[in-house]
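See below for the structure under consideration.
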Amino acid sequence: MDIKKKQTRQNTKVLNLLIIEDDKGEVALIEEYLHKQPNVRFKIEQAYSLSEVSAKLAKGGTDIVILDLMLPDSKGLDTFTAVSTLIPDVPIVILSGMDDDTYAIQSVALGAQDY
-13 MDIKKKQTRQ NTKVLNLLII EDDKGEVALI EEYLHKQPNV RFKIEQAYSL
37 SEVSAKLAKG GTDIVILDLM LPDSKGLDTF TAVSTLIPDV PIVILSGMDD
87 DTYAIQSVAL GAQDY
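By the working numbering, the letter at position 111 of the sequence shown is numbered 97, and the numbering carries on one by one without gaps.
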(Lines of atoms letter the chains of each structure in order from A and count residues from 1; the text may use other names and numbers.)
(Lines give C-alpha, C1' and ligand atoms only; values in the text may rest on other atoms or scores of the structure.)
Protein backbone atom coordinates (compact mmCIF):
# COMPACT_ATOMS: atom_id res chain seq x y z
CA MET A 1 0.00 0.00 0.00
CA ASP A 2 1.19 3.45 -0.86
CA ILE A 3 2.36 5.28 2.32
CA LYS A 4 0.59 8.47 1.31
CA LYS A 5 -2.73 6.61 0.90
CA LYS A 6 -2.25 4.90 4.27
CA GLN A 7 -1.62 8.24 6.02
CA THR A 8 -4.70 9.76 4.41
CA ARG A 9 -6.89 6.93 5.69
CA GLN A 10 -5.44 7.21 9.20
CA ASN A 11 -6.13 10.95 9.32
CA THR A 12 -9.68 10.63 8.05
CA LYS A 13 -12.37 11.62 10.51
CA VAL A 14 -15.68 9.78 10.37
CA LEU A 15 -18.86 11.77 11.07
CA ASN A 16 -22.33 10.31 11.48
CA LEU A 17 -24.63 12.54 9.47
CA LEU A 18 -28.41 12.54 9.33
CA ILE A 19 -29.91 14.23 6.28
CA ILE A 20 -33.56 15.18 6.81
CA GLU A 21 -34.81 16.02 3.33
CA ASP A 22 -37.84 14.81 1.37
CA ASP A 23 -36.35 15.36 -2.10
CA LYS A 24 -34.26 12.33 -3.08
CA GLY A 25 -32.49 14.32 -5.79
CA GLU A 26 -31.32 16.88 -3.22
CA VAL A 27 -30.11 14.07 -0.96
CA ALA A 28 -28.10 12.62 -3.85
CA LEU A 29 -26.49 16.02 -4.55
CA ILE A 30 -25.59 16.48 -0.89
CA GLU A 31 -24.07 13.01 -0.70
CA GLU A 32 -22.08 13.56 -3.90
CA TYR A 33 -20.63 16.78 -2.53
CA LEU A 34 -19.83 15.33 0.90
CA HIS A 35 -18.05 12.28 -0.52
CA LYS A 36 -15.58 14.61 -2.25
CA GLN A 37 -14.42 16.20 1.00
CA PRO A 38 -10.84 15.40 2.01
CA ASN A 39 -9.93 13.99 5.42
CA VAL A 40 -13.53 13.32 6.42
CA ARG A 41 -15.83 10.44 5.69
CA PHE A 42 -19.53 10.59 6.31
CA LYS A 43 -21.72 7.73 7.44
CA ILE A 44 -25.01 9.00 6.10
CA GLU A 45 -28.52 8.18 7.21
CA GLN A 46 -31.60 9.74 5.67
CA ALA A 47 -35.04 10.66 6.88
CA TYR A 48 -37.61 11.87 4.40
CA SER A 49 -40.12 13.18 6.95
CA LEU A 50 -40.24 14.41 10.52
CA SER A 51 -42.02 11.23 11.58
CA GLU A 52 -38.92 9.20 10.59
CA VAL A 53 -36.53 11.36 12.59
CA SER A 54 -37.25 10.04 16.10
CA ALA A 55 -36.43 6.46 15.15
CA LYS A 56 -33.19 7.49 13.42
CA LEU A 57 -32.08 9.63 16.38
CA ALA A 58 -33.05 7.02 18.97
CA LYS A 59 -30.08 4.93 17.82
CA GLY A 60 -27.76 7.69 19.04
CA GLY A 61 -24.39 8.60 17.61
CA THR A 62 -25.51 11.40 15.30
CA ASP A 63 -22.75 14.00 14.98
CA ILE A 64 -24.47 16.50 12.70
CA VAL A 65 -27.82 17.03 10.99
CA ILE A 66 -28.59 18.65 7.65
CA LEU A 67 -32.22 19.75 7.73
CA ASP A 68 -34.73 20.93 5.18
CA LEU A 69 -37.43 23.07 6.81
CA MET A 70 -40.17 22.03 4.38
CA LEU A 71 -41.09 18.39 4.89
CA PRO A 72 -44.31 16.56 4.06
CA ASP A 73 -45.37 16.49 7.72
CA SER A 74 -43.75 19.67 9.08
CA LYS A 75 -43.12 23.16 7.76
CA GLY A 76 -40.90 26.12 8.61
CA LEU A 77 -39.35 26.82 11.98
CA ASP A 78 -41.57 24.19 13.62
CA THR A 79 -39.45 21.62 11.80
CA PHE A 80 -36.25 23.01 13.29
CA THR A 81 -37.77 23.28 16.76
CA ALA A 82 -39.00 19.68 16.68
CA VAL A 83 -35.61 18.30 15.62
CA SER A 84 -33.53 20.49 17.94
CA THR A 85 -35.70 19.42 20.89
CA LEU A 86 -34.81 15.79 20.17
CA ILE A 87 -31.06 16.49 19.89
CA PRO A 88 -30.23 19.74 21.69
CA ASP A 89 -26.46 19.14 21.64
CA VAL A 90 -26.09 18.14 17.97
CA PRO A 91 -25.29 20.84 15.38
CA ILE A 92 -28.05 21.38 12.83
CA VAL A 93 -27.33 22.97 9.47
CA ILE A 94 -30.38 24.11 7.56
CA LEU A 95 -30.42 23.79 3.79
CA SER A 96 -33.46 25.30 2.25
CA GLY A 97 -34.66 26.52 -1.11
CA MET A 98 -36.46 29.33 0.65
CA ASP A 99 -34.76 32.65 0.01
CA ASP A 100 -36.00 34.28 3.19
CA ASP A 101 -33.64 36.21 5.46
CA THR A 102 -36.21 36.12 8.25
CA TYR A 103 -36.08 32.30 8.40
CA ALA A 104 -32.29 32.41 8.37
CA ILE A 105 -32.06 34.91 11.22
CA GLN A 106 -34.72 33.17 13.30
CA SER A 107 -33.20 29.73 12.74
CA VAL A 108 -29.77 30.83 13.91
CA ALA A 109 -31.32 32.69 16.84
CA LEU A 110 -33.09 29.45 17.83
CA GLY A 111 -29.80 27.54 17.72
CA ALA A 112 -29.16 26.37 14.17
CA GLN A 113 -25.46 26.07 13.43
CA ASP A 114 -25.92 27.65 10.00
CA TYR A 115 -28.56 28.38 7.38
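Beta carbons are placed, not taken as given, at the ideal position from N, Cα and C, and that holds for glycine. Keep in mind that this is a model prediction, so the values were computed, not measured.
Residue i versus the options, residue with shortest Cα-Cα distance
{"i": "T48", "options": "F28, Q92 and P58", "result": "F28"}
{"i": "I30", "options": "A68, I16 and V69", "result": "I16"}
{"i": "Y34", "options": "Q23, V13 and I80", "result": "V13"}
{"i": "L81", "options": "D87, V0 and L53", "result": "L53"}
{"i": "L57", "options": "L36, P74 and V69", "result": "L36"}
{"i": "D85", "options": "K22, L55, I73 and G97", "result": "L55"}
{"i": "G46", "options": "D75, A90 and Y101", "result": "D75"}
{"i": "A44", "options": "I73, E18, V26 and N25", "result": "I73"}
{"i": "D8", "options": "Q32, Y19 and A41", "result": "Q32"}
{"i": "T(-2)", "options": "K10, H21, L4 and I6", "result": "H21"}
{"i": "V26", "options": "A41, N2 and G11", "result": "N2"}
Close-in-space but distant-in-sequence residues of the same chain around residue i (CB under 7 Å, 5 per side omitted)
{"i": "Q92", "result": "L63"}
{"i": "T71", "result": "none"}
{"i": "D87", "result": "none"}
Same chain, Cβ closer than 6 Å to residue i, five either side skipped, listed in chain order
{"i": "P77", "result": "I50 and Q99"}
Any C-beta of chain C under 8 Å from that of residue i
{"i": "D100", "result": "Here chain C cannot be found, since the structure has a single protein chain."}
In DSSP terms, what residue i is bridged to
{"i": "N2", "result": "K29"}
Contacts around residue i, its chain only, beta-carbon distance under 8 Å, and the 5 residues preceding and following it disregarded
{"i": "S60", "result": "S35, L36 and A68"}
As an exercise, report each continuous beta strand (DSSP E) stretch of at least 3 residues that is fully enclosed by the region 8 to 96, in chain order.
26 to 33, 50 to 53 and 78 to 80
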